[in-house]
Every structure is written in structure tokens, then in C-alpha cells.
Amino acid sequence: MPPTALSDHRKGLLLTAIGGLALSMDIPLVRLGDGDIWSVLGVRSAATVLATFVILGAMRLTSGKWPILIPGRAGVFAGLLYGISSLTFVLAVFNTTTANVVFIVAFNPMFGALLCWIFLKEKPPAATLIAMLSMVVGVGLIVREGLASGHVFGDAMALLSALILAAAITVGRASRREMGFVPLLAALLPAALGLAQALPSGLAIAHPGWILFNGAIVMPVAFWCLATGPRYLSAPEVGMFYLLETVLAPIWVWLIFAETPATMTLVGGGILVARAFPLDDAGEEHQATLLRRCCRLQRPAPISTPSCLS
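Sequential numbering from 1126 applies to the sequence shown in the working numbering.
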């Protein structure tokens, strides 16, 4: 594999790992804020937008030029998807358990693999297809638990959030453009919607400091890293790092709020996490195979010696 490809791949892994780790703190911080859904959505998203403008201003002063904000129509489309996913994600957090949200969002790599197969013609290997079937079973167990506990709407919003996020990642993968600031500016959509709903009756957040910290620091780091990752990694690989939230968020919530997931949720989540890791391995192997083929195509053919000179 060429050294540049290796370094780019490692850069993508580092960025998405940082993004996934930051994202794992999102739900605990939302819960710590203890507010109503529209107030939390509006303040969290508005803080993200304000932090983005501060970062952009600082970059403009230091470099003398503006960074790429929204790269063409692909950036606009991806931004719309990121904005809608923020809304569906917060709706899921307020309407089902933390474990259900993060385990269902772990469906992200499967959706990413399917979308890349359909739209980018990146056919997943057999191991990925087998993993997808197992993940369907895992989500089925979690949704079954949701039906029993009355969390159907929240579970549906979590599943929709996973699909929309996978679509946004796939758009970034297809464009190969700089998308780091797209999800940050896309927070304008949920900020406007949340504040429009909350302001007439007044913001209702018991501990707004947690929400401001989440929106101004944690979310910009998470969104920028995870949106930049598709430049260097496949969509299933980027989706893999959303699993850091799947693994860590229930732990943070258990430590802070003593919220223990239901048994079927743990079983279904365990299946999802166990079967999602092969998606990453298969994606990396598939990428390596493509690079090896490319190198063989670019290698000059050996010059044969004429028989009269041998």
C-alpha cells in the first residue's frame, strides 16, 4: 500500500476516534442539563453555531482566508441531513432509554454499507452482508423491548437518526470534499426550530451550563472530526466509530444516573456491537485490495528482450 494512502487512513482513524469519543458524552450532558426537549435542542444547537463562528473568525485572522464552509450542492445536501439528524436524535433521547438510542444508532455502519453499495457501487464483501443480517436481529430485539415498554416512537427516531447520519456520511464519501464545517453550520436548522418552539413560553433548562458546554465544545469537536473522516475512510469505517458512543454512553449514564439497561436491550446491543466490528475489518480489507489493484495497474510492464539479442 502506498505510504500516502497509509498515512491518510491513519489520519482518518485518529480523527474519527476523537469524534466518537467526544460524541459519547452527548447524551449524558443532555440528561445533566435537565430541560425540556425544545429548549435543549435550541440552546445546544445555537451554542454549536456560535462556537463555529468564533472558530471561523479565529481561522480568518490567523490564516488571512476563510476555510471551505459548504462545498457546493453536496455540502448543502449533507448539511440538510445533519440538521435533520440532530432533531431526530434529540427526539430519540427524550422518548426512549439511553441504551436503546445508542444501540439502535449502532445500525449506522450497516446503513452506510448499503448506501455505498447502492449509490457508490462499493459492493460490500460477504462478511459485511452476514454481519448486516445479524445486526437486523439485534435491532429487532431492542425494538421488541421498546414495544413492551412504550418507547416505540423514541426507538423509531433513533433508527431514523442512524439512517440519516449514514446518508450524510455517504454524501461526504462520494464528494471527497472538505465537510468539516458542514454539520456545525447545519446546526442552524435545529437551533431555529428549537428556539422558535421554546422562546414563546420561555427556556426551561435546570442546568444550562451542561447544555452550553455540550453545544459549544463537545459537539463541534465530534461533528468536525466525524464529518472529516469520510475523506480518508469508507462510510462503514466512519460509522464504526459511532460505536464508541454505543459502548461508552450507557456506561456514563449508568455511572451518573444509575440507569440500568433492560436485559433484551443488552442482548440486542451486544449482537450489534459484535457484528459491527467485522464491517470495519471488511471495509479496510476491501480498501487495501483496491489500492493493491491500483498499484498493479500503475506499475510499468517489464521490457522484454528481443529473441535475436538473447
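C-beta: ideal position from N, C-alpha, C; glycine also.
- Each of Thr-1213, Phe-1382, Ser-1188, Ala-1252 was checked against the Cα of Ala-1399, and the nearest Cα belongs to Ala-1252.
- For the pair of segments examined, the stretch 1332-1350 was found to touch the stretch 1156-1163: the number of CB pairs separated by less than 8 Å reaches three.
- Restricted to the stretch 1255-1305, not a single beta strand (DSSP E) segment is unbroken, complete and at least 3 residues in length.
- In the same chain as Glu-1384, and ignoring 5 residues on each side of it, the C-beta atoms closer than 6 Å to its own belong to Val-1378, in chain order.
- Ile-1193 is classed as exposed because its beta carbon has fewer than 16 other beta carbons within 10 Å across all chains shown.
- No residue range can be given for Ile-1330, since it is assigned to no alpha helix (DSSP H) and is classified by DSSP as neither H nor E.
- The beta-bridge partner set that DSSP reports for Gly-1160 consists of Ile-1330.
- About 7 Å separates the CB atoms of Val-1168 and Gly-1340; that is less than 8 Å, so the two are in contact.
- Annotated as distal: Leu-1290 and Val-1343, with beta-carbon spacing of 9 Å or more.
- Contact check for Ala-1374 and Ser-1149: beta-carbon distance about 5 Å, within the 8 Å limit, so the pair qualifies.
- Residue Pro-1386 holds the alpha-carbon nearest to the alpha-carbon of Thr-1223 among Gly-1395, Pro-1386, Ile-1396, Gly-1393.
- Between Leu-1288 and the set Ala-1352, Pro-1196, Ser-1210, Pro-1308, the nearest pair of CA atoms involves Ser-1210.
- Secondary structure of Leu-1148 (DSSP, three-state): helix.
- Counting only runs of 4+ residues, the alpha helix (DSSP H) found wholly inside the stretch 1157-1216 occupies 1162-1188, in chain order.
- Here the stretch 1347-1357 lies against the stretch 1301-1320, with 3 or more beta-carbon pairs under 8 Å apart.
- Following the DSSP letters along the chain, one finds Gly-1237 inside the alpha helix (DSSP H) bounded by residues 1233-1244.
- No residue range can be given for Glu-1247, since it is assigned to no alpha helix (DSSP H) and is classified by DSSP as neither H nor E.
- At the C-beta level, Ala-1311 and Leu-1205 come within 9 Å of one another.
- If the five residues before and after Val-1296 are omitted, its C-beta is found closer than 6 Å to the C-beta atoms of Ala-1199, Phe-1202, Ala-1203, all from its own chain and listed in chain order.
- Within its own chain, the residues whose Cβ lies closer than 6 Å to the Cβ of Ala-1176, once the five positions on either side in sequence are excluded, are Ala-1341, Pro-1345, listed in chain order.
- The C-beta distance from Ile-1396 to Ser-1286 rounds to 19 Å, too long to meet the 8 Å contact threshold.
- Pairing Pro-1234 with Gly-1279, the inter-Cα distance amounts to about 20 Å.
- Distance from the Cα of Gly-1137 is smallest, within the candidate group Ile-1381, Glu-1362, Val-1372, for Glu-1362.
- Here Phe-1244 has Thr-1295, Ala-1299 as same chain residues with Cβ atoms under 8 Å from its own Cβ, once five neighbours each way along the sequence are excluded.
- Looking at Asn-1220, Asp-1161, Ile-1381, Ser-1132, the one whose alpha-carbon comes closest to that of Ile-1330 is Asp-1161.
- By the Cβ neighbour-count rule, Pro-1325 is exposed, with fewer than 16 other Cβ atoms within 10 Å of its own.
- In this structure, the alpha-carbon of Cys-1241 lies about 26 Å from that of Leu-1266.
- Residue state for Glu-1362 is assigned as helix, using DSSP reduced to three classes.
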